[in-house]
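Positions 533 to 687 (this note's numbering) are the ones given, in order, by the sequence shown. Working notes, structure below.
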Amino acid sequence: MHLEYEHAAASGLRRYVNTTAEELGCSGEAYYAHLDPPPAYAYLALDDRLRDHPAQDTALVWNEHDGWAVAIETTAGHELSVVRYYGTELLPPPPEVARFVAEVFEGRAPDAAPVGNTDGAAVRKHLATYAIPYQERPAQRPGRPVERSRRGPAR
Numbered sequence: 533m534h535l536e537y538e539h540a541a542a543s544g545l546r547r548y549v550n551t552t553a554e555e556l557g558c559s560g561e562a563y564y565a566h567l568d569p570p571p572a573y574a575y576l577a578l579d580d581r582l583r584d585h586p587a588q589d590t591a592l593v594w595n596e597h598d599g600w601a602v603a604i605e606t607t608a609g610h611e612l613s614v615v616r617y618y619g620t621e622l623l624p625p626p627p628e629v630a631r632f633v634a635e636v637f638e639g640r641a642p643d644a645a646p647v648g649n650t651d652g653a654a655v656r657k658h659l660a661t662y663a664i665p666y667q668e669r670p671a672q673r674p675g676r677p678v679e680r681s682r683r684g685p686a687r
């Protein structure tokens with residue numbers, strides 16, 4: 533993946549979701565995130581199952597309208613049913629998302645409504661703040677030190 537060639541909001545979304553996955557201590561890279569076509573969406577597989585739904589896999593999902601939610605997979609990973617919405621802000625810091633997930637699994641998360649955002653441009657602007665800025669790299673040919681490649685031909 534070459535982040536320097538991607539749109540800042542798209543790479544920002546992937547970095548935000550990856551950071552959230554790391555905060556949760558999820559095993560592997562079991563997440564998916566996309567920005568286009570709208571709405572922006574993220575899916576993060578969770579390792580544990582909810583006490584009330586021991587037969588269903590769980591996931592943490594996000595979209596640019598509703599924000600974060602913990603959901604269960606109802607039919608072989610194709611249908612999701614939301615158990616709890618985070619509800620208070622669209623892009624909370626990853627440690628707050630991890631705390632929310634812990635509260636859901638402990639049965640302590642309060643009922644909340646989806647965020648209800650309608651400003652996709654503002655979401656993309658916020659996501660771009662998570663992007664890793666592109667950094668110039670010196671041109672270098674394989675097997676040749678940078679210092680020599682900047683000078684003229686060897687004499």
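Backbone N, C-alpha and C define an ideal beta-carbon position, used for all residues, glycine too.
For residue i, three-class secondary structure by DSSP
i	result
residue 614	strand
residue 592	strand
residue 554	helix
residue 548	helix
residue 652	helix
residue 672	In this predicted model, residue 672 has a pLDDT of only 49, less than 50, meaning its place in the structure is not dependable enough to derive any value.
residue 659	helix
residue 587	coil
Per-residue burial, residue i [other beta carbons within 10 Å of its own, 16 or more giving buried]
i	result
residue 543	buried
residue 552	buried
residue 549	buried
residue 596	buried
residue 598	buried
residue 562	exposed
residue 641	buried
residue 590	buried
residue 656	buried
residue 603	buried
Cβ-Cβ separation, residue j to residue i (assumed contact under 8 Å), whole Å
i	j	result
residue 659	residue 541	4 Å
residue 601	residue 617	5 Å
residue 619	residue 593	With a Cβ gap of about 13 Å, residue 619 and residue 593 do not count as contacting.
residue 572	residue 545	6 Å
residue 570	residue 652	6 Å
Opening and closing residue of the beta strand (DSSP E) in which residue i lies
i	result
residue 576	573-577
residue 619	From DSSP, residue 619 is part of no beta strand (DSSP E); its letter is neither H nor E.
residue 527	Coverage of the chain is limited to positions 533 through 687, which leaves residue 527 absent and any answer about it impossible.
residue 601	599-605
Residue-level contact to chain B via CB, residue i, 8 Å cutoff
i	result
residue 573	The question asks about chain B, but that chain is absent: this structure has only one protein chain.
Discussion item. For a minimum of 4 consecutive residues, which ranges assigned as the alpha helix (DSSP H) are wholly contained in the segment 625-649?
Written reply: 626-637
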